[in-house]
Amino acid sequence: LEDLQDAFDFCYKVHYQPGEDRTSDPQYAQQVQALQAKLQILDRQRREVLAQMQQLLGRSETLRDFLQQELRAWQERQQRACMGAPADTSLRLLETWFTELGQGLFQLRQLLRVLGELRQKVTYERDPLKEETPLLERRLQELLTYLLKSAFVVEQQPSMPNACKRPLVLRTTTKFSARARLLVRLHDRNHGMEARIHIDRFRKFNILTSSSKTLLAGDSPQDGLVCDFQYLTLREQKDSRSGKGGKGEVGAGPGGRGGGGCHAVPHGATTSAQGPLVVTEELHLITFTLAYAYCGLELELETSTLPFVIISNNNQLSSAWASILWFNMLNSVSGDPMVSGTPRPRALPPAPAP
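In terms of the working numbering, the sequence shown opens at residue 25 and continues consecutively.
Shown next, in the form of structure tokens:
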């Protein structure tokens, strides 16, 4: 396409002289006809290239939908593994698929940029590059954005090192770890990408040690792009008015324990006919955010952990683990995988009556 355009551009500048009356020159008329034929060939080639890009984008969307199904299946396996079920939670194959698709989409993005440059050099009436390129760019941008946002996942759910193989139950002042991974293994080594974590504000906790890390890439491509937060510690913020951390109870909203609108209340208070909600029924989230930048594309990616319970002493461990089991039996990671970045219910639904 570039060669055809360069040939047409050269002939146009050499032979075509607008403003001069050379209609009686037969040689000039032949040159104009030859230019018109070259323009028709150039136009046809441009349309063929755009049609091929349309097909590639369609295939990429089909592959993206397949990857979302596979990612959803992996999230369900990870959820079952957190409950103690044997499950394969390796991300190696998914990471390869996501990376290959990402590479193809970034190559198409570069091709669209080149087509835009060609349009700046040569354009004409009913130029397909002028009409169709902006639509393709918008479609590709949406596809890349969706792929990258769904590719940022929590690889290791929050867990303490010695918690009797019971993740998702954390104890204040006890170290825990969590890890997120970007499945699209594409990054600019000259541009550091920072990942940050924060916990929800259901009850206020401070994350001790650093809450930000640079996304690390291993020496080999197989190591992937990982932000590994280790040796984290939670400490509850104290209520400056009462001197207490509000770690007694939390009241349910107007809809009862299963409804929304949960909020912290002073110790001993009741806010509904069903009574207060104990701390082992509070569900919390840690959210990872990543400032992603590659080949001129900048996005903020976000993903969240599965809901977990925070306790302050070991005698609450069994009740907290029961809450985790109960929640996960009633809630599966289904639907859009990007829901991992969406806040989940913060309180357990009521248990059925015996």
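All C-beta atoms, glycine included, are put in the ideal place defined by N, C-alpha and C.
Check this for me: beta carbons of residue i and residue j, under 8 Å apart or not?
i, j, result
"L207", "L164", "no"
"L129", "L171", "yes"
"L192", "F200", "no"
"Y318", "D212", "yes"
"L325", "L314", "yes"
"L63", "E156", "no"
"L87", "F32", "no"
"L232", "R259", "yes"
"E100", "S356", "yes"
"Q69", "L28", "yes"
"S236", "E218", "yes"
"L159", "S84", "no"
"L249", "R205", "yes"
"L125", "W98", "no"
"Y142", "E26", "Residue 142 is actually Leu in this sequence, not Tyr. Their beta carbons are under 8 Å apart, which means L142 touches E26 by this criterion."
"S174", "Q92", "yes"
"T257", "T197", "yes"
"F312", "I223", "no"
"L210", "Q127", "yes"
"E106", "L330", "Here residue 106 turns out to be Cys, not Glu, going by the sequence shown. In this structure, L330 lies closer than 8 Å to C106 by Cβ."
"N230", "Q261", "yes"
Does DSSP put residue i in a helix, in a strand, or in coil?
i, result
"R380", "Outside the modelled stretch of the chain, which goes from 25 to 378, sits residue 380, for which no answer is possible."
"V146", "coil"
"K189", "coil"
"C319", "coil"
"L240", "strand"
"E72", "helix"
"P278", "Caution is warranted here: a pLDDT of 31 is assigned to P278, below 50, making its placement in the model unreliable, and no coordinate value can be reported."
"R220", "strand"
"V208", "coil"
"L307", "coil"
"V38", "helix"
"D151", "coil"
"L132", "helix"
"P158", "helix"
"L115", "coil"
"A109", "coil"
"N214", "coil"
"S235", "coil"
"N355", "coil"
"L25", "coil"
"S296", "Reliability fails at S296, whose pLDDT of 36 lies under 50, so the model's placement of it is uncertain and the value that follows must be treated cautiously. Here S296 sits in coil by DSSP."
"Q78", "helix"
Please look up how many angstroms separate the CB atoms of residue i and residue j, rounded, as I've assumed it's under 8 Å.
i, j, result
"S328", "I348", "Wrong, their Cβ atoms sit about 16 Å apart, outside the cutoff."
"G308", "I335", "Per the sequence shown, the amino acid found at residue 308 is His instead of Gly. Not confirmed; about 11 Å, so no contact."
"F332", "P182", "5 Å"
"F122", "R203", "17 Å between Cβ atoms; not a contact."
"E179", "L115", "6 Å"
To which residues does DSSP link residue i through a beta bridge?
i, result
"Q180", "R203"
"N230", "R259"
"T416", "The requested residue 416 is not part of the displayed model; the chain covers only 25 to 378."
"E324", "A315"
"I335", "R195"
"C251", "A204"
"V56", "DSSP, once it has assigned bridges, lists no residue as partnering V56."
Measuring only between beta-carbons, confirm whether residue i sits less than 8 Å from chain C.
i, result
"L87", "In summary, chain C is missing from the structure at hand, where a single protein chain is found."
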